[in-house]
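Engineer: Below is a structure I'd like to ask you about.
Numbering (the working numbering), first residue to last: 4 to 84.
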């Protein structure tokens, strides 16, 4: 059926560093100043909470490629799930 058609554009938004794997939902605190860089790197990212010194961001990604990027951000990110 047409409604079950594979959507390549939506798939590409969720693939980080061209790694395969299961669809994952991630959530993290972002303490940095360059939110645009996060939104560019993770196209499905959404700010779900705003606090004085950090934002809570959620996103959907495929695979584990996102792990390297998250860990590379140092103290600017705290992984929640």
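All C-beta atoms, glycine included, are put in the ideal place defined by N, C-alpha and C.
(1) Thinking residue 49 and residue 60 are a contact (beta carbons under 8 Å), I'd like their distance in whole angstroms, please.
(2) Using only CA atoms, which one of 83, 68, 80 lies nearest to residue 26?
(3) Considering only the alpha carbon of each residue, which of 55, 65, 72 lies closest to residue 40?
(4) Cβ of residue 78 within 9 Å of Cβ of residue 31?
(5) Comparing C-alpha positions only, which one of 57, 63, 65 sits nearest to residue 80?
Structural biologist: Taking the structure as given:
(1) About 7 Å separates the beta carbons of residue 49 and residue 60, which is inside the 8 Å limit, making them a contact pair.
(2) Comparing Cα-Cα distances from residue 26 to each of 83, 68, 80, the minimum goes to 68.
(3) For the options 55, 65, 72, the alpha carbon positioned closest to that of residue 40 is the one of 72.
(4) No.
(5) The shortest Cα separation from residue 80 among 57, 63, 65 belongs to 57.
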